[in-house]
Every structure is written in structure tokens, then in C-alpha cells.
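S.K.: Could you have a look at this structure, given as C-alpha cells, before my questions?
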Amino acid sequence: MPNCKSIRPYKDTLPNLGDRVFVDDSAVVIGDVDLGDDVSVWPCAVIRGDMHSIRIGARTSVQDGAVLHITHASDYNKGGWPLTIGEDVTIGHNACLHGCTVGSRVLIGIGATVLDGAEIEDDVVVAAGTLVPPGKKLESGYLYVGSPCKQARELKESEKSFFTYSAQNYVKLKDDYMAE
């Protein structure tokens, strides 16, 4: 179970954790955040739901140093942008996801950035270092690369099968950590 400094309320809203969730002691999860079953949050990751909601689906892994945040509602953006992430997603080290929507079975590469209002459909790879600009929609079944991102090629079946393999691998790893 995460320590009380890792899981913190914002105002009166405390994060909601599903079953068998692992949050490293050096990570922080704040406010209006729902973590699905078997989610893992690794060292120095920050998930901050202070001015809008964050929803993360089952078996998603948030790697070391990742930053997950939202965009608040204002005169410039009437509804704001929550952060919604599907199931079986691997979010790479030092990735930044801000007020966007990510489908299921997605790999967000190391150091990638996904900005406000962007939508990533299911079964997508966002390569390491890629920038997904505000409002961009990434179509299912493709690899995206670059800054700003461009559709590079269709995913191979072997790459698509990696999504659930990666998710299960991190479920096993977090179970090992929780057993210690």
C-alpha cells in the first residue's frame, strides 16, 4: 500500500485506487484521480488531478518521472481538458501527458509529450521523444514519430500483440514489488 505522502487529497478530493494498485513511495498521486485495477506508478511519477479529473484504466503502467496533468476550465477553454487513459497502456519514462485522451493498448514512448485536447485511439505507438500537438487525433493501428508527430507506418501484428504483453509484464513486476 502506498504511503500517505504518495496519495494526497486536493481540497476534499482523495484519489481512488482500484485493487492491487502499486504507487512507489517517491511518486505522487493528488486529487481527482481514479486508478484502475493493477495500475503501477513508478518512482518520481506525478499524477496531479487538482483542477480537473484524471482517469487511468486497468493494467496501465506510469513509468519513472512521467508527468500526468490536466487543463482547468477558464474563459479560454470553457470545459477544460481532463486526462483519460484506457487499459493496458504503457507510459514511458519522463513522458508528459496533459489534458488529453489516450485509448487502450497504447505505448507512449520515453520522453514523449501529448498536449491538450489530443486524442489517441486504441492500438497506437507514440515513439520516444514525439510531440503530439494540441487537438491532434492519432488514428488506430499506426506508429507516430517526430515533433510535431506524423503518421509513420501501419503497425505490424507483432507490435500490436506487444501492448498486452507489456501491460502484463508490468503487472507481474508491480506484484513482485508489492510482495516485498
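Its first residue numbered 24, the sequence shown is counted upward by one per residue in this note's numbering.
Glycine included, C-beta positions come from ideal geometry on N, C-alpha and C.
1. Give a yes or no on whether the C-beta atoms belonging to TYR188 and PHE45 are separated by under 8 Å.
2. In three-state terms, what does DSSP make of LEU196?
3. Please go through the same chain and pick out, in chain order, the residues whose beta-carbon is closer than 8 Å to the beta-carbon of GLY134, but skip the five residues on each side of it.
4. Checking 8 Å against the spacing of the C-beta atoms, do ALA81 and ASP57 come in under that value?
5. Give the range of the beta strand (DSSP E) segment to which ARG71 is assigned.
6. Just to check my reading of the structure: HIS121 and THR94 have Cβ atoms closer than 8 Å, yes? What is that Cβ distance to the nearest angstrom?
7. Excluding the 5 residues flanking LEU130 on each side, which residues of the same chain have their C-beta closer than 8 Å to its C-beta?
8. Just how far apart, CA to CA, sit THR36 and MET74?
9. Apply the 10 Å Cβ neighbour rule to GLN86 and answer buried if 16 or more other Cβ atoms are within range, or exposed otherwise.
10. So, is LYS197 buried or exposed, given that buried needs 16 or more other C-beta atoms within 10 angstroms?
11. Helix, strand or coil for LYS160 per DSSP?
12. Roughly how many angstroms separate the alpha carbons of SER127 and LYS34, rounded to a whole number?
13. Thinking C-alpha only, which one of ILE77, HIS92, PRO105 and VAL137 is nearest PRO157?
M.R.: To lay it out plainly:
1. no
2. Note: LEU196 maps to helix in three-state DSSP.
3. GLY115, HIS116, ASN117, ALA118, ALA151 and GLY152
4. It is not a contact, given that the beta carbons lie outside the stated cut-off.
5. Judged by DSSP secondary structure, ARG71 falls within the beta strand (DSSP E) whose first and last residues are 69 to 79.
6. 7 Å
7. VAL112, THR113, GLY115, VAL147, VAL148, VAL149, PHE185, PHE186 and SER189
8. 11 Å
9. buried
10. Label assigned to LYS197: buried.
11. LYS160 carries a strand assignment under DSSP once its states are collapsed to helix, strand and coil.
12. 30 Å
13. VAL137
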